[in-house]
Ligand SMILES: [Ca+2]
Ligand SMILES: [Ca+2]
């Protein structure tokens, strides 16, 4: 947590000075929550409550946390994603300037699409068969609500 | 606004600055306790046009008879066939696109329809905040007051009301919970439930919260008629809500709204059956209420409140639709317009068919055919007119129940053309 | 089965026990590599009836002319009006409810329609595994083989095929990925895309995987006609997929399927436009393909596979619908039947209208009216017939595009009744 807050502060300050919203934002708005894996932390932002409440009721509550589905594999990718989301979402939250209901951006949607495969490679082996990366199925049309029944 | 305030909000939904009683009818007083809802409420004066809905602000020079400086566009000018369809009825005189709640009282008071007929006080039921006036008039008894006002001339009744629909018409001042205050709906829904085997249905005691989110709108957005000499406002639901059920109801009591000026047919006018049509659609079936789309939750800081700016959801797609449909706004708009486009094109086919029938009856009449000979054609006109009007007068241009709307239009076309055939026999 | 085995299965979903080449047409050989899919595939012999779909197994005593001991129920017996509608055309002789893929070759070979007309080899395109035979016949060239078989008499072509639609008709044997093997679709979709400004569309190179999950079905579940003396199988899509576009196409080339025996009208028969109708519906718009509902994934041990038992989704609601719609099975079934019920009732109104028109033209004819006098009525019959048939022949009873289906029926009713009126002039 501490190291998280620190890195958060550091990143926040860095970009903060550039866009004019200080590290204050990141810390106060608990953007550092992005750096933990505890779903409750995500809900530090009331704006994440719908997803959190949905997740608690979902089939995945016992098996997958937010970050399992919303960050890519590997330490580096994982923390870069957390930081950029952490900062930009804190920024958006503070300025209140974002589309509601929250729309997942393509970049994050792709991360989530891939996340399913981290755990379900086996069961989809047959249906994915020999398909090349670009023609793999998206699970979301049929299972988009497994994480949290938001829609 | 800074982060401090955002966090504050979450804890303080509202401050009770004034006491609200069952006789507090001015919305601005309620607004002191609920400024956010009030802000939305007063914005129903906005006029924005969508492809088939919303409304357009048309400037006019006020007169003594009609002091309004802005009205909505005339539907009669947009489609003159409506005049033929309603020939001899007040609607052929003046019929405009409906607009926001703020205008309901003025639009009713000053429509030219008032000039060509004398209306009863019954009209007030759906165009004014009548809850307090009804109770006053009834000496504390809502129904008595309702019955009394129904039998007054419109102009006298008009003097007893001041506000368009207001907070007290939908809310219990002590709990803020929704409640139905309109006798027309209280009795209409009871008759409907009885037909489904539910005895003595009391909507305020027995309806679920989600149902209430549609019922408060069903107080007014329904087909209706004035029953008997007492001009009692009645919703023709005792056989069901489908167009077939309602026509059967009117046939049984041999009701007619007017006699068609050009054909002599005893005709029926359908009026804004939004509640009836919605109830046939997939959204109603899925438990989606009027308020979900027309008063969606909107976030104000950390609070979620119901948007009291009641209007076309197409002007508010993100809150109205995207909570359930994760399609882009443009795509959702196109989906609606595709549905409305199909409805509108078949509605035009049906309109032409009806106008053809009316013209044929007219010429058959001038050619000296007897009433006996014209009887079948007139019966067909009556049916075709009611079915077509049931979709035409329904204000979603088919969206509330897409397939049902086109099914009804298909039957209407059949009636009109059969009427023409019957004359050629 | 224990966890060990499960894990086994998961790691190699299938064992390549045999080599599959581009000439391996027997499904049982493919089945050795893919037993799970094969098991589903062979179950298409099941006959179960749903409210409006599926099929019923009717026993019959085999004859030399028709050795089938089981057929599907006769649609002509279910609704004799169809005989009037198609009078003078082979369909008035024998028309049955369609059933599973396993029967496609026999049902085509032994339908009584074959007895009353001599059909070309073109028919084979959609009732047999023709990929290998086409290539053989064309000396390696699919299109050449297609053209050659089109011009053979049916009986000769029949000798060149052995299987109903098989694995190789939808799959590339080396990668198992989907591919379109049918010239009719290859050319049809190219014409359609061209009309949308996309040049030289090559479906196998340019379609997305999700599109392919519908296109492989669109190879056969479409409206079609035989073009010119070469009897080239053609999908009339160059103006679009809506009924208006397709009728316009046929009007332009002045095509007719047959001349109506009782009225002399030059009529058009619509055939199973599932692909066209689906493309007008909300599911297509939402990217939901045929395979999503008719071949949903099913779980087998530690794997999920596509259910190759292609059938009515109402016999498999849990896999076909419930991943996307969290409603109970009963509720989903009722939603479908509500849609189908509306379609069916308006279809009956449209059917009566058409039969009335046919009878009126008949009597006008016997009353000695000239062809010139009958011309307008016959034109209306042609249109009304095609529009009605476009919904009647579409096998989802409106589900694939509910509002579009009733819109089309509404227009059909208009044409039929206008035809009657035109005679009375
Ligand atoms: Ca309006
Ligand atoms: Ca069938």
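Protein chains in written order, with the numbering used here: chain A, 326 to 476; chain B, 57 to 481; chain C, 57 to 481.
C-beta atoms are modelled at their ideal positions from N, C-alpha and C, and glycine is treated no differently.
Being a predicted model, the structure only gives us computed values, none of them experimental.
How about residue 451/B: is its Cβ closer than 7 Å to a heavy atom in ligand 1?
-> Along the second chain, one-based indexing puts residue 451/B at 395. Short note on residue 451/B: C-beta closer than 7 Å to some heavy atom of ligand 1.
Give the C-beta separation of residue 377/C and residue 359/C to the nearest angstrom, bearing in mind that I take them to be a contact with Cβ-Cβ under 8 Å.
-> For the purposes of this step, residue 377/C is identified with residue 321 of the third chain, where counting begins at 1. For the purposes of this step, residue 359/C is identified with residue 303 of the third chain, where counting begins at 1. Not confirmed; about 21 Å, so no contact.
Using a beta-carbon distance cut-off of less than 9 Å, what residues from the region 326–346 of chain C approach chain A?
-> Shown in chain order are the members of the region 326–346 of chain C whose Cβ falls below 9 Å from a Cβ of chain A: 342, 343, 344.
Chain A residues whose Cβ lies nearer than 7 Å to that of residue 358/B | Here residue 358/B refers to the residue found at position 302 of the second chain. 371, listed in chain order.
Report the rounded CA-to-CA distance for residue 183/B versus residue 217/B, giving the unit in angstroms.
-> Within the second chain, the letter at position 127 stands for residue 183/B. Within the second chain, the letter at position 161 stands for residue 217/B. Roughly 10 Å separates the two Cα atoms.
Residues of its chain near residue 148/B, where Cβ-Cβ distance is below 6 Å and the 5 sequence neighbours each way are ignored | The residue you call residue 148/B lines up with position 92 of the second chain. Short of 6 Å from the beta carbon of residue 148/B, and not among the five residues preceding or following it, lie these beta carbons of its own chain, in chain order: 139, 142.
Say yes only if the C-beta of residue 384/A is nearer than 7 Å to one or more non-hydrogen atoms of ligand 1, and no if none qualify.
-> Residue numbering aside, residue 384/A sits at position 59 when the first chain is read from its first letter. Incorrect: residue 384/A has no Cβ contact closer than 7 Å to ligand 1.
Where are the beta strand (DSSP E) runs, 3 residues long or more, that stay fully inside the region 430–471 of chain B, in chain order?
-> Listed in chain order, the beta strand (DSSP E) elements of length 3 or more contained wholly in the region 430–471 of chain B amount to none.
Cβ atoms of residue 335/B and residue 297/B: under 8 Å apart, would you say?
-> What you label residue 297/B is simply residue 241 of the second chain in a count that begins at 1. What you label residue 335/B is simply residue 279 of the second chain in a count that begins at 1. The answer is yes: Cβ separation under 8 Å.
Confirm the yes/no value for this check: CB of residue 454/B, any heavy atom of ligand 1, distance under 7 Å.
-> Residue 454/B sits at position 398 when you count from the first residue of the second chain. No; taking the cut-off as 7 Å, the Cβ of residue 454/B has no heavy atom of ligand 1 nearer than that.
Is there contact here, the region 402–421 of chain C with the region 267–284 of chain C, by at least three beta-carbon pairs under 8 Å?
-> Result no; under three Cβ-Cβ pairs closer than 8 Å.
Straight-line gap, residue 448/B to residue 400/B (C-alpha atoms, nearest Å) = Taking the second chain and counting its residues from 1, the one referred to as residue 448/B is at position 392. Taking the second chain and counting its residues from 1, the one referred to as residue 400/B is at position 344. Going by C-alpha positions, residue 448/B is about 9 Å away from residue 400/B.
Thinking C-alpha only, which one of 287/C, 275/C, 416/C, 458/C is nearest residue 346/C?
-> By 1-based counting over the third chain, the position of residue 346/C is 290. Of all alpha-carbon atoms in 287/C, 275/C, 416/C, 458/C, the one lying nearest the alpha-carbon of residue 346/C is that of 275/C.
Can at least three beta-carbon pairs, one atom from the region 155–173 of chain C and one from the region 120–134 of chain C, be found at a separation below 8 Å?
-> Yes, the region 155–173 of chain C is in contact with the region 120–134 of chain C.
Between residue 395/C and the rest of its own chain, which residues show a CB-CB distance below 7 Å, the 5 nearest in sequence each way excluded?
-> Working through the third chain from its first residue, we reach residue 395/C at position 339. Sequence-distant partners of residue 395/C (beyond 5 residues in either direction) whose C-beta falls short of 7 Å from its own C-beta, in its chain, are 454, 455, 458.
Quick one: give me the first and last residue of the beta strand (DSSP E) that residue 359/C is part of.
-> The residue labelled residue 359/C in the question sits at position 303 within the third chain. Its beta strand (DSSP E) spans residues 359–362.
When the Cα atoms are used, what is the spatial distance from residue 379/C to residue 441/C?
-> Residue 379/C sits at position 323 when you count from the first residue of the third chain. Residue 441/C sits at position 385 when you count from the first residue of the third chain. Spanning the alpha carbons of residue 379/C and residue 441/C requires a straight line of approximately 39 Å.
Report the neighbours of residue 310/C on chain A: residues whose CB is nearer than 8 Å to its CB, in chain order.
-> Indexing the third chain from 1 puts residue 310/C at position 254. Simply none; closest approach about 43 Å.
Would the beta-carbon of residue 83/C fall within 8 Å of that of residue 219/C?
-> Residue 83/C sits at position 27 when you count from the first residue of the third chain. Residue 219/C sits at position 163 when you count from the first residue of the third chain. Cβ atoms of residue 83/C and residue 219/C: closer than 8 Å.
To the nearest angstrom, report how far apart residue 415/A and residue 444/C are at their CA atoms.
-> Position 90 of the first chain holds residue 415/A. Position 388 of the third chain holds residue 444/C. So the two alpha carbons sit approximately 58 Å from each other.
How do the region 361–368 of chain B and the region 106–122 of chain B stand: do at least 3 beta-carbon pairs fall below 8 Å, yes or no?
-> In short, these stretches touch, since the Cβ pair count reaches three.
Which residues, taken in chain order from the region 445–471 of chain B, show a beta carbon closer than 7 Å to some beta carbon of chain C?
-> Going along the region 445–471 of chain B in chain order, one finds 458, 459, 460, 462, 463, 465, 466, 467, 469, 470 with a Cβ nearer than 7 Å to chain C.
How should residue 444/A be labelled, buried or exposed, when 16 other C-beta atoms within 10 angstroms of its C-beta is the threshold for buried?
-> Translated into the one-based positions of the first chain, residue 444/A becomes position 119. Flag for residue 444/A reads exposed.
DSSP state of residue 429/A mapped onto helix, strand, coil = Residue numbering aside, residue 429/A sits at position 104 when the first chain is read from its first letter. Three-state DSSP puts residue 429/A in coil, outside helix and strand.
Can you give me the Cβ contacts of residue 305/C inside the same chain, cut-off strictly under 6 Å, excluding the 5 residues immediately before and after it?
-> In the third chain, residue 305/C corresponds to position 249, counting from 1. 292, 295, listed in sequence order.
Any Cβ of chain A within less than 8 Å of the Cβ of residue 231/C?
-> Position 175 of the third chain holds residue 231/C. Yes, residue 231/C lies at the interface with chain A (some Cβ there is under 8 Å from its Cβ).
Is any heavy atom in ligand 3 found nearer than 7 Å to the beta carbon of residue 155/B?
-> Only ligand 1 and ligand 2 can be found as ligands here, which leaves ligand 3 out of the picture.
Using a C-beta cutoff of 8 Å, does residue 433/C count as contacting chain B?
-> Sequence index remark: in the third chain, residue 433/C carries index 377 (1-based). So no, residue 433/C is outside the interface.
Return the CA-CA distance between residue 351/A and residue 412/A, expressed in angstroms with no decimal places.
-> Here residue 351/A is taken as the residue at index 26 of the first chain, counted from 1. Here residue 412/A is taken as the residue at index 87 of the first chain, counted from 1. Confidence at residue 351/A is low in this model, with a pLDDT of 47, below 50, so the placement of that residue is unreliable and no value is reported for it.
Since residue 379/C meets chain A, which of its residues come closer than 8 Å, beta carbon to beta carbon?
-> As a position in the third chain, residue 379/C is number 323, starting the count at 1. Those within 8 Å of residue 379/C in chain A are 467, 468.
With a CB to CB cut of under 6 Å and the five nearest residues on each side skipped, what residues in its chain are close to residue 479/C?
-> Numbered from 1 along the third chain, position 423 holds the residue referred to as residue 479/C. Answer for residue 479/C: 416, 420, 433, listed in chain order.
What do you reckon, are the CB atoms on residue 131/B and residue 159/B nearer than 8 Å?
-> Translated into positions along the second chain, residue 131/B becomes position 75. Translated into positions along the second chain, residue 159/B becomes position 103. Their beta carbons are not under 8 Å apart, which means residue 131/B does not touch residue 159/B by this criterion.
Report buried or exposed for residue 336/A, applying the criterion of at least 16 other Cβ atoms within 10 angstroms of its Cβ.
-> In the first chain, the residue the question calls residue 336/A occupies position 11. Only weak support is given to the placement of residue 336/A: the predicted model assigns it a pLDDT of 45, under 50, and the question is left unresolved by the model.
Give the interface partners of residue 385/A over in chain C, defined as CB-CB distance under 7 Å, in chain order.
-> Along the first chain, one-based indexing puts residue 385/A at 60. Ordered by position in chain C, no residue passes the 7 Å Cβ test against residue 385/A, which lies about 15 Å from the chain.
Residue range of the beta strand (DSSP E) that includes residue 113/C = Position 57 of the third chain, counting from 1, holds the residue named residue 113/C. For residue 113/C, the enclosing beta strand (DSSP E) covers residues 113–115.
Which residue comes first and which comes last in the beta strand (DSSP E) that contains residue 355/B?
-> Translated into positions along the second chain, residue 355/B becomes position 299. For residue 355/B, the enclosing beta strand (DSSP E) begins and ends at 353–356.
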